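Chemist: Starting off with a structure, shown below.
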Amino acid sequence: YETAREYLIKKAIERRKRSNIPINISDVPVYTEYTKAVANISEGKICYPLKWENALVLNAAIDKIKQLSELPFVAEVRIIGKPLLNIKISTIPKNEGLPLLADYGASWSQIGMIGVQRLHLSGYTGKGMSVAVFDAGFTGVDTLPIFKALWEQDRIKGEFDYVDGSSPATHGSTHGTLVLSVMATRRDGQIIGTAPDADYYLYRTEDPLQERLLEEYHWARAAEHADSLGIDIINSSLGYTIFEDSTENHTYADLDGNSTPITRAANTAFAKGILVISSAGNSGQTPWYYISAPADGKDVLSVGAVNGSMQTAPFSSRGPNYSGQIKPELCAQGWNTLVANLEDTVQRSNGTSFSGPIIAGACASLWQAFPEFDNKTLKKVIEESGHNYARPDNECGYGIPDFSAAFGQLQAMRDRYFPISPEQLSSFALYPNPAKDFFTLSFFSADSFTVEVIIFDAQASKLFDWQAVSKPGNNYIHLKLPLLSAGTYFIQLNKGFEKNTRALIIY
Numbered sequence: 017y018e019t020a021r022e023y024l025i026k027k028a029i030e031r032r033k034r035s036n037i038p039i040n041i042s043d044v045p046v047y048t049e050y051t052k053a054v055a056n057i058s059e060g061k062i063c064y065p066l067k068w069e070n071a072l073v074l075n076a077a078i079d080k081i082k083q084l085s086e087l088p089f090v091a092e093v094r095i096i097g098k099p100l101l102n103i104k105i106s107t108i109p110k111n112e113g114l115p116l117l118a119d120y121g122a123s124w125s126q127i128g129m130i131g132v133q134r135l136h137l138s139g140y141t142g143k144g145m146s147v148a149v150f151d152a153g154f155t156g157v158d159t160l161p162i163f164k165a166l167w168e169q170d171r172i173k174g175e176f177d178y179v180d181g182s183s184p185a186t187h188g189s190t191h192g193t194l195v196l197s198v199m200a201t202r203r204d205g206q207i208i209g210t211a212p213d214a215d216y217y218l219y220r221t222e223d224p225l226q227e228r229l230l231e232e233y234h235w236a237r238a239a240e241h242a243d244s245l246g247i248d249i250i251n252s253s254l255g256y257t258i259f260e261d262s263t264e265n266h267t268y269a270d271l272d273g274n275s276t277p278i279t280r281a282a283n284t285a286f287a288k289g290i291l292v293i294s295s296a297g298n299s300g301q302t303p304w305y306y307i308s309a310p311a312d313g314k315d316v317l318s319v320g321a322v323n324g325s326m327q328t329a330p331f332s333s334r335g336p337n338y339s340g341q342i343k344p345e346l347c348a349q350g351w352n353t354l355v356a357n358l359e360d361t362v363q364r365s366n367g368t369s370f371s372g373p374i375i376a377g378a379c380a381s382l383w384q385a386f387p388e389f390d391n392k393t394l395k396k397v398i399e400e401s402g403h404n405y406a407r408p409d410n411e412c413g414y415g416i417p418d419f420s421a422a423f424g425q426l427q428a429m430r431d432r433y434f435p436i437s438p439e440q441l442s443s444f445a446l447y448p449n450p451a452k453d454f455f456t457l458s459f460f461s462a463d464s465f466t467v468e469v470i471i472f473d474a475q476a477s478k479l480f481d482w483q484a485v486s487k488p489g490n491n492y493i494h495l496k497l498p499l500l501s502a503g504t505y506f507i508q509l510n511k512g513f514e515k516n517t518r519a520l521i522i523y
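What follows is the structure, encoded as structure tokens:
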């Protein structure tokens, strides 16, 4: 699959290697000659290919369906969007600003509830992690002072509007603006997001002017793009059940974990190594009642909403999915959530649209601390930290996660693989950490020894080794780093029968 490698950047390939995920046929682009043949017959615009589905999304006349169906390589032609009239435009109501507390301000409720402050205090704020935000638009993100640091620090890494087929994405709706704010903002004393130092990609996949099945294919296309860039996390505060054209509607039976176009794409993204977080939906008080797509996905981490007192929001969509899988898996504050607004201040808003990104940002901060673990391990440990893990239900799933506990669990797992004694902790130091071009080992030796320094990767494979002779007393070994990809490695110092190991982050 060498052709597929050409469409994946280095970071994407490294993520696959780290998680032992092979490049396969789904990474190969749609065959060019097929695309040309379809374009010739349809006389329409090819909107985009979908390599994971081996499909094309196009804009063509209905009377071309028969000809397209007769092409020998075409398995199915499906109508996924028709022109719609009487479009209703909705806006997010403005709420009053709030009195603020110090430091986290009023956002402390949504931060402290899930224990993410321990990560922040330990220096893990999502730095170096990448989050793709799929939404209806990001109006104001390019102009509001509260987002200024994202641009100044080059942490808006990309943006695209899949609805209009163009860039940028900073228009169309304020919904994505509010969603981004619970992850990415930092204004001490007002609001601090769960991953204020992460990198972000803004993808507009939802058309707020109408509800159409076509938007699920926009989402799938964006997910393919995210994978090709090596993005770590997808946050989707979108959900699909019924549409303005009733012939496109889903039924509850469709939400079986792997049937709708958007859910299949979400599961594939997870299989490629991306952690996919989806808001559960806001249908808990409607006839639909259940979670939406892609929250039903078997591999999707879906998030419901609670208030500041950890009570499940009545509007939060319930589980299970049609296959009986516990949904949502987790809950966070989505009822009276603190968000930034277009007045460059803060307000309260409701919806699982906000509980989802609170969790997504927390996952980015946690993953920064333990990049050697893959998305499957991270998802499992976070679910196990839920306060309701022993008795999950279909309102809040495994409950409200404790990222402090998840941090401790991952730390214990790391220490089991590379145990370090208290004596070793005091006698062996490694700095700077994180490192880029060089690092220094310092240790105490009672006598003169030949010592060996070994670099292992996260899979415990030996990469490089050096030898030196120690002297009695304090020793310092300065080593230039070989060319290594960014990530976590383990440095082992061997003195006779004594082995000392430390984790080293390379950026």
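Under the numbering used here, the first residue of the sequence shown is numbered 17, with each subsequent residue one higher. Just so you know, even glycine gets a beta-carbon here, dropped at the ideal spot from N, CA and C. This one's a predicted model, so the numbers in the text were calculated from it and none came from an experiment.
Between the C-alpha atoms of A282 and K392, what's the straight-line distance to the nearest angstrom?
Modeler: Straight-line Cα distance between these residues: approximately 14 Å.
Chemist: For L346 versus E411, is the C-beta spacing smaller than 8 Å?
Modeler: Going by C-beta atoms, L346 is not nearer than 8 Å to E411.
Chemist: Taking the alpha carbon of V198 as the reference point, which residue from A214, D243, A185 and V316 has its own alpha carbon closest?
Modeler: Nearest option by C-alpha distance: A214.
Chemist: Helix, strand or coil: which one does DSSP assign to H234?
Modeler: Of the three classes helix, strand and coil, the one that applies to H234 here is helix, per DSSP.
Chemist: Assuming contact is defined by CB atoms lying nearer than 8 Å, are S332 and G320 in contact in what I supplied?
Modeler: A contact, by the Cβ cut-off of 8 Å.
Chemist: Can you tell me whether A214 is helix, strand or coil according to DSSP?
Modeler: Looking at A214 - three-state DSSP - the assignment turns out to be coil, as it is neither helix nor strand.
Chemist: Write down every uninterrupted run of the beta strand (DSSP E) in the segment 160-231 whose length is 3 residues or greater and which is fully enclosed by it, in chain order.
Modeler: If we require 3 residues or more, the beta strand (DSSP E) runs fully inside the segment 160-231 come out as 172-177 and 215-220.
Chemist: May I ask which residues mark the beginning and end of the beta strand (DSSP E) holding R364?
Modeler: First-last of the beta strand (DSSP E) with R364: V362 to S365.
Chemist: What beta strand (DSSP E) runs, 3 residues minimum, are completely inside the segment 286-339?
Modeler: With a minimum length of 3 residues, the continuous beta strand (DSSP E) runs that stay inside the segment 286-339 are 291-295 and 317-322.
Chemist: Can you find the residues in the same chain that come closer than 6 Å, C-beta to C-beta, to A118, ignoring five residues on each side of it along the sequence?
Modeler: Interpretation of A118 is limited by its pLDDT of 33, a score under 50 that renders its predicted location unreliable; the figure taken from the coordinates is listed afterwards. Taken in chain order, the residues that qualify are G205.
Chemist: Taking only beta-carbon atoms, is I62 less than 8 Å away from chain B?
Modeler: The question asks about chain B, but that chain is absent: this structure has only one protein chain.
Chemist: In the structure shown, what three-state DSSP assignment does W383 receive?
Modeler: Residue state, collapsed to three classes: helix.
Chemist: Who are the Cβ neighbours of R237 in its own chain at under 7 Å, not counting the five residues just before and after it?
Modeler: Y64, L66 and Y178, listed in sequence order.
Chemist: Under three-state DSSP, which class holds P45?
Modeler: Note: P45 maps to coil in three-state DSSP.
Chemist: Do G246 and E30 come within 8 Å of each other at the CB atom, strictly closer than that value?
Modeler: Contact flag set, yes.
Chemist: Between the beta-carbon of T2 and the beta-carbon of I342, is there less than 8 Å?
Modeler: With the chain represented from 17 up to 523, any question about residue 2 goes unanswered, as that position is not in the structure.
Chemist: Are A329 and N337 touching if we call contact CB-CB under 8 Å?
Modeler: Against a cut-off of 8 Å, the Cβ pair of N337 and A329 comes out as no contact.
Chemist: Taking C-alpha atoms, which residue in D158, E168, Q169 and D170 lies nearest to S183?
Modeler: Of D158, E168, Q169 and D170, the residue nearest in Cα terms is D158.
Chemist: Identify, in the order they occur along the chain, each residue of the same chain with its Cβ nearer than 7 Å to the Cβ of T51, setting aside the five sequence neighbours on each side.
Modeler: Closer than 7 Å at the Cβ level, and outside the excluded window around T51, lie I62, P65 and L72.
Chemist: Strictly by DSSP, which residues pair up with H11?
Modeler: Absent from the structure is residue 11, since the part of the chain shown begins at 17 and ends at 523.
Chemist: In angstroms with no decimal places, state the Cα-to-Cα distance between Y23 and S42.
Modeler: Distance between the alpha carbons of Y23 and S42 is about 12 Å.
Chemist: Determine the closest residue to T257 out of S295, I307, K487 and A28, with distance taken between C-alpha atoms.
Modeler: Per the Cα distances, I307.
Chemist: Where does H266 land, buried or exposed, given buried means 16+ other C-beta within 10 angstroms?
Modeler: It is buried - the Cβ of H266 has at least 16 other Cβ atoms within 10 Å.
Chemist: Distance, Cα to Cα, V46 vs A311?
Modeler: The alpha-carbon atoms of V46 and A311 are separated by roughly 27 Å.
Chemist: Comparing the CB of Y305 with every heavy atom of the ligand SAH, is any distance shorter than 7 Å?
Modeler: Ligands in the displayed structure: none, and consequently the ligand SAH is not present.
Chemist: Just curious, the alpha helix (DSSP H) that N391 is in, first and last residue?
Modeler: N391 to E400 is the extent of the alpha helix (DSSP H) around N391.
Chemist: Assess, as a yes-or-no matter, whether the segment 406-426 is touched by the segment 487-503 under the definition of 3 or more beta carbon pairs within less than 8 Å.
Modeler: Verdict: no, contact absent.
Chemist: Work out the CA separation of I521 and F460 for me, nearest whole Å.
Modeler: C-alpha separation (whole angstroms): 23 Å.
Chemist: Any idea what DSSP makes of G503, helix, strand or coil?
Modeler: Of the three classes helix, strand and coil, the one that applies to G503 here is strand, per DSSP.
Chemist: Taking the alpha-carbon of H191 as reference, which of E168, F386, L225 and I207 has the nearest alpha-carbon?
Modeler: Nearest option by C-alpha distance: L225.
Chemist: Select from G372, V316, E514 and I57 the residue whose C-alpha is nearest the C-alpha of F465.
Modeler: When only C-alpha atoms are compared, the closest one is E514.
Chemist: Could you compute how far the alpha carbon of E232 sits from the alpha carbon of G156?
Modeler: About 25 Å.
Chemist: My output table needs one value for L509: the three-state DSSP class, helix, strand or coil.
Modeler: Correct three-state label for L509: strand.
Chemist: Just curious, the alpha helix (DSSP H) that W124 is in, first and last residue?
Modeler: Per DSSP, W124 belongs to the alpha helix (DSSP H) from W124 to G128.
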